[in-house]
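Undergrad: Attaching a single structure in C-alpha cells format; questions to follow.
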Amino acid sequence: DSSEGIENLFKALKICKISLLKSKIENSNLDRYYGGLIADYLKNNKSLIHLDLSNNCYSTGSYKILQSLNDNKNLKTLDLSGNGLKTKNILSLEFCQNTKIEYLNLSNNELKGTKCIGNFIQINPKLITLDLRNNVISDITPIIESALKCHLKNLYLSNNKIKKLPVELSKSKTITDFL
C-alpha cells in the first residue's frame, strides 16, 4: 500500500538525516497522520526546493505541512493542488517566513477567502506564479492589492466565482499573464 511506503520512506529519511532537493507525492490520499509525518520531516529538511503534494485529499494534514515550511527557507515551488483545501486549511500561509517561493499552485481546491493569500504574497516578494484556478473565490481584491507591491507575473484565476475584476488590476505593471 502506498501509504505504508510513504510512512517508511519519511521515517527512513528522518532517521538517516537525508535531505531531498525535490519531493513529489501525488495521488496518495494522505490523511492527518501522514501529513504529520511529512511535516515532521520537512521541519528538518532545509534543502528542499520543490515540493509537490498534489491530489492527496489531505486537507486535515495540510496545516501541519504548511507550518513546517516556516523552517525551510529554500523552497521555491509548492504544489498543493487538488487536495480539497478550504481557506481555513491554508491560514498558516500568512505566517510562512520563506521568502524564496516563486511558484505556488493552489488550484482545484475549495478556497473561498483570499486575505491570507494576499498576505502571503506580501511576505513572499519573489512569488512569480500563483495558480488559483478551479476554486470558489469571488473577491480577488486582497490578491491584486498585494500583487501590485511585488513581482507577481502569472495569476491564474479561471473557473472561480469572480463577478467583477477590481479596478486596481488595471494599475498592475507586473502581471503579464492573467487567466
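Residue numbers for the sequence shown, in the numbering used here: 28 to 206. Heads up, the beta-carbon is just placed ideally off N, CA and C, and yes, glycines get one too. Bear in mind that the values here come from a model prediction, so they are computed numbers and not experimental data.
1) Can you give the beta carbon distance from Leu75 to Leu47, rounded, assuming they're within the 8 Å contact cut?
2) Per DSSP, which residues does His178 bridge with? Please list them.
3) First and last residue of the beta strand (DSSP E) that includes Leu105?
4) With DSSP collapsed to three states, give me the class of Asn101.
5) Give me whichever residues DSSP pairs with Lys51 in a beta bridge.
6) Please say whether Thr104 and Glu129 have beta carbons closer to each other than 8 Å?
7) Please report the residue range of the alpha helix (DSSP H) in which Leu2 lies.
8) Is Thr201 helix, strand or coil when you go by DSSP?
9) Taking just the CA atoms, how far does Gln94 sit from Gly63?
TA: To lay it out plainly:
1) 6 Å
2) Paired residues: none, contrary to the question.
3) Thr104 to Asp106
4) coil
5) Asp79
6) yes
7) In the structure as shown, the chain starts at 28 and stops at 206, and residue 2 therefore has no counterpart that could be examined.
8) coil
9) 10 Å
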